[in-house]
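Just below is one structure, and these are the notes that go with it.
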Amino acid sequence: MKQTARNFISFALASTLIVGCGGIKQVRTHSGVAPLPAQNLAEVQRLLAEAEAAPSPQKEALKISAANLLLQTNTTDSSREAANIVNGLSPQGLPLNSQAEYALVKAQLALSNNNTGKAFEWVDSPNVINATNPKLTKQSYQVRAQAYERNKEYRAALDEWLLALPLLNSDEKRIAHKAIWRNLLNLDSNTLSHLASQTGDQETQGWVSLAAIVKKPEDIDQQIQAFQQWQQQWPNHPANQQIPEAMRTLEQIAAHRPNKIALLLPMTGSLGYAGKAIRDGFLAAYYHALQNGHVVPEIKVINTSKHSSIDQAITEATAQGAEMIVGPLKKSRVKQLQQLSPTIPTLTLNYGDREANSPANFYQFGLAAEDEAKQAAQQAWHDGFRAPVIIAPKSNWGNRVVTAFVNEWQSLGGSIRGEARFGGSSDYNGVIGALLSPRASTLRAHEVEQVIGKQIRHNPNRRGDVDMVFLAANAKQGRQVKPTLAYHYGGDLPVYATGTIFTGNPNPTKDSDLDGIMFPSMPWLSDHFDDPLKSKIIDTWDRSNTLYGPLFALGIDAYRLYPRLPQLKTAEGTRLFGASGSLTLNSYQQVERTQPWFFFKGGKPQPMPVNAYQQENNAPAVHYGLGQE
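Heads up, my numbering is the position in the sequence shown plus 36, with the first residue counted as 1.
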């Protein structure tokens with residue numbers, strides 16, 4: 037039966053009722069497009085009804101406009117219905133603006149499928165660029181900004197929002213201001229400083245200076261004072277009329293920060309050295325704050341090694357008047373404490389279980405390699421790769437990291453092509469050779485040929501159904517894996533690794549075999565990390581510049597994090613820019629770390645710019661994922 041407007045009107049009417057009740061499910065809150073008012077769904081119905089009676093090309097133009105309007109509801113159902121409306125529709129022979137609108141509909145549908153490469157193809161098409169309708173020009177800026185942000189190209193996204201601003205109405209401007217703020221907070225300090233020196237636009241300068249205040253891990257009182265000065269300097273700025281939530285909550289969290297903290301760490305035993313490194317980082321941040329005139333709490337260090345159970349340590353902490361607990365470190369004790377449901381705010385230094393019903397004041401923080409595996413999956417996906425193989429050790433750690441990568445990859449819509457595990461004295465040549473064997477590719481090629489009914493080409497030297505490698509390994513292991521990949525004709529495969537691939541100390545002689553490997557690493561380990569506390573700590577503790585460096589960073593961030601936990605919890609998009617990464621809080625009240633990316637070149641870690649893979653391999657510096665369906 038032919039689909040008519042009547043078929044679709046039932047959906048539109050139902051949507052109108054749902055929207056009116058406030059119950060429609062919203063998706064992608066970062067879309068940057070105001071949700072479609074309920075009454076406008078009637079316009080969608082009208083356009084579709086009119087299209088039924090109209091001849092071509094008016095019929096196609098009306099359907100395109102209906103699909104475009106429907107997409108503004110930002111729901112899963114609306115994307116599906118919009119795709120149905122334009123399915124099989126040809127824009128050929130339509131007026132220029134209708135062709136441009138068609139391209140924008142296709143771009144938005146590509147974004148709804150997380151396909152930014154295809155979205156860019158549509159939004160950058162000549163029809164869109166040459167459109168004469170200001171509404172379509174405005175929409176092109178919005179869609180392009182969304183695609184850039186999805187690709188983590190935050191500076192480019194910011195530029196598009198700034199171009200769109202003069203064309204937006206008041207409601208759209210409020211959404212754009214939130215997007216501008218969000219993208220500014222995702223810029224690194226160097227990019228932010230460069231933007232501040234380059235822009236001549238007063239409003240943009242105001243945004244940049246406000247972002248600079250937020251990005252500094254200063255004392256809360258100093259941030260409050262800096263924000264008040266900013267308000268005096270920029271009285272008519274949009275952020276003064278629509279104050280970001282992160283700034284609105286500053287005075288409240290300053291008034292409720294704890295005055296006494298119990299730091300629960302092991303000082304002896306197998307975790308003694310780790311406990312002492314975290315303690316020293318925590319206290320270094322404390323004394324640095326004290327010397328700079330900041331308000332500091334009273335700190336009591338409790339040695340958990342002397343207690344047979346975590347509840348004994350908690351009893352000691354509460355008896356001494358602790359208003360907050362930081363620790364413990366051991367995972368099993370974190371889980372025990374989670375079950376005890378402590379009555380005072382707690383920030384653990386390892387991760388327990390993900391539980392939706394965890395105590396409201398129970399927060400988890402640590403250096404989980406799972407965060408890095410998840411980030412590697414996101415980065416590789418945004419770089420346009422879709423066919424990974426995994427190389428990891430046979431260990432509990434390897435299992436956790438691989439599971440995190442696979443889960444994230446599958447959530448993005450991908451599948452894994454293969455997996456190889458090596459042991460402590462493993463034959464790397466054997467496991468990697470089997471993983472990249474052309475036999476595996478040939479078998480898969482034959483399966484595909486049977487489905488599509490024709491032959492396909494593949495590389496006889498190694499399997500041809502793979503386009504990248506995820507490597508979970510330390511530096512010693514990686515130095516053997518990378519050359520072995522090249523031996524088995526896999527030297528051209530990009531390798532994404534966990535941060536464990538870098539020891540923390542540049543060693544060009546040994547690490548030249550790691551050249552090309554891309555990995556996330558905490559700011560603390562980078563020569564580009566600009567924090568006066570780092571040099572003081574390195575001068576005082578030699579081990580802070582060794583494998584214990586990340587633990588010092590964990591201690592520093594724990595100190596700077598504890599008073600801001602309520603802010604991270606309530607103010608959407610708020611993050612702390614710390615020594616261990618950019619810190620946010622997920623729905624399970626676990627702190628998640630996002631780290632900058634690096635790649636080995638000449639045996640040394642180098643910051644990885646946007647599209648670094650294309651640049652290093654002399655490939656076109658195109659948008660991530662271009663051409664991927």
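Ideal Cβ placement from N, Cα and C applies to all residues, glycine included.
Let me know if residue i comes out buried or exposed under the rule of 16 or more other beta-carbons within 10 Å of its beta-carbon.
| i | result |
| --- | --- |
| residue 532 | buried |
| residue 58 | Its pLDDT being 33, under 50, residue 58 is placed unreliably by the model, and nothing is read from it. |
| residue 166 | exposed |
| residue 596 | buried |
| residue 161 | buried |
| residue 583 | exposed |
| residue 522 | exposed |
| residue 163 | buried |
| residue 628 | buried |
| residue 63 | With a pLDDT of 36 at residue 63, under the threshold of 50, the modelled position of that residue is not reliable, and the figure given next carries that caveat. Label assigned to residue 63: exposed. |
| residue 645 | exposed |
| residue 442 | buried |
| residue 580 | buried |
| residue 122 | buried |
| residue 175 | buried |
| residue 488 | exposed |
| residue 178 | buried |
| residue 22 | The first residue shown for the chain is 37 and the last is 665, placing residue 22 beyond what the model contains. |
| residue 292 | exposed |
Let me make sure I understand the geometry here. Which of the options has the alpha-carbon closest to that of residue i?
| i | options | result |
| --- | --- | --- |
| residue 407 | 174, 303, 424 and 626 | 626 |
| residue 150 | 618, 445 and 236 | 445 |
| residue 558 | 93, 570 and 551 | 570 |
| residue 301 | 164, 420, 369 and 248 | 369 |
| residue 515 | 464, 600, 502 and 563 | 464 |
| residue 186 | 164, 222 and 264 | 222 |
| residue 15 | 243, 416 and 435 | Since the first residue of the chain shown is 37 and the last is 665, residue 15 is not available in this structure. |
| residue 556 | 616, 257, 447 and 545 | 616 |
| residue 304 | 95, 346, 339 and 334 | 339 |
| residue 270 | 296, 240 and 252 | 240 |
| residue 354 | 367, 336, 319 and 554 | 336 |
| residue 298 | 216, 350, 103 and 585 | 350 |
| residue 31 | 206, 310 and 630 | Nothing in the structure corresponds to residue 31, since the chain is present only between 37 and 665. |
Skipping 5 residues on each side, what residues in its chain have a beta carbon closer than 7 Å to that of residue i?
| i | result |
| --- | --- |
| residue 668 | Given that the chain is displayed from residue 37 to residue 665, the structure contains no residue 668 and the question cannot be resolved. |
| residue 437 | 405, 406, 409, 428, 508 and 534 |
| residue 524 | 468, 469, 472 and 498 |
| residue 611 | 221, 618, 619 and 620 |
| residue 65 | A caution first: residue 65 carries a pLDDT of 36, below 50, which makes its placement in the model too unreliable to give a value. |
Which same chain residues end up closer than 6 Å to residue i when comparing Cβ atoms and leaving out the 5 residues on each side of it in sequence?
| i | result |
| --- | --- |
| residue 224 | none |
| residue 390 | 624 |
| residue 281 | 607 |
From the DSSP output, in three-state form, read off residue i for me.
| i | result |
| --- | --- |
| residue 115 | helix |
| residue 529 | coil |
| residue 423 | coil |
| residue 357 | coil |
| residue 399 | strand |
| residue 332 | coil |
| residue 466 | helix |
| residue 269 | helix |
| residue 365 | coil |
| residue 631 | coil |
| residue 618 | strand |
| residue 66 | Only weak support is given to the placement of residue 66: the predicted model assigns it a pLDDT of 40, under 50, and the value that follows is read from those uncertain coordinates. Coil, per DSSP. |
| residue 252 | coil |
| residue 441 | helix |
| residue 279 | coil |
| residue 472 | coil |
| residue 202 | helix |
| residue 626 | strand |
Locate the alpha helix (DSSP H) running through residue i, then write down its first and last residues.
| i | result |
| --- | --- |
| residue 88 | 76-89 |
| residue 605 | 601-606 |
| residue 305 | Taken as a continuous stretch (DSSP letters only), residue 305 belongs to no alpha helix (DSSP H), as it is neither H nor E. |
| residue 415 | 405-418 |
For the beta strand (DSSP E) holding residue i, just list the boundary residues, first then last.
| i | result |
| --- | --- |
| residue 505 | 504-507 |
| residue 384 | 382-384 |
| residue 568 | It is not in any beta strand (DSSP E) - residue 568 instead sits in the alpha helix (DSSP H) that spans 568-576. |
| residue 456 | 454-458 |
| residue 555 | 554-556 |
| residue 640 | 640-643 |
Which residues in the same chain have their Cβ closer than 8 Å to the Cβ of residue i, if we skip the five residues on either side of it in sequence?
| i | result |
| --- | --- |
| residue 105 | 72, 76, 79, 80 and 83 |
| residue 635 | 552, 553, 554, 555, 641, 642, 644, 648 and 652 |
Taking Cβ positions only, does residue i come closer than 9 Å to chain C?
| i | result |
| --- | --- |
| residue 255 | No chain C appears in this structure, which consists of one protein chain only. |
Let me check you understand the geometry: is the CB of residue i closer than 8 Å to at least one non-hydrogen atom of the ligand HEM?
| i | result |
| --- | --- |
| residue 240 | No copy of the ligand HEM appears in this structure; indeed no ligand is present at all. |
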